[in-house]
Ligand SMILES: [Zn+2]
């Protein structure tokens, strides 16, 4: 039997050395709402799939922090008056809501 030396790390120093840099990363991401976008996952699988479909078509999802809708989809046009689709968190029939969202995505004529 021999004793193994476990390397000692000064963990608090790892944070304090890079504190400013790490905090600025958090600040950058949080200011753009990026952390919400990363987390955004709709509880319903069918609707989550249609949101992914929308994103593949260049749409942006913004998750509501409060309110009735789970979030809103913005079409690629990005101009005032362009399509905005409300995504409900608990629609009565999720499949119908997903279909309705998909129909509106497909009928959008605003391109980037
Ligand atoms: Zn549109």
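Residue numbers (my numbering): 699 to 810.
All C-beta atoms, glycine included, are put in the ideal place defined by N, C-alpha and C.
DSSP places residue 706 in no beta strand (DSSP E); its state is neither H nor E. In the three-state reduction of the DSSP assignment, residue 722 falls in the helix class. In the structure shown, residue 743 adopts helical secondary structure according to DSSP, grouped into three states. Considering only 800, 753 and 808, the residue with the shortest C-alpha distance to residue 775 is 808.
Distance from the CA atom of residue 799 to the CA atom of residue 729, rounded to whole angstroms, is 28 Å. Rounded to whole angstroms, the Cβ separation of residue 770 and residue 783 is 7 Å, and the two are in contact under 8 Å. Here the alpha carbons of residue 796 and residue 742 stand approximately 10 Å from one another. DSSP places residue 764 outside both helix and strand once states are collapsed to three, so it counts as coil. DSSP places residue 748 in the helix class (H, G or I) of the three-state scheme. Taking 8 Å as the cut-off, the C-beta of residue 765 does not count as close to any heavy atom of ligand 1.
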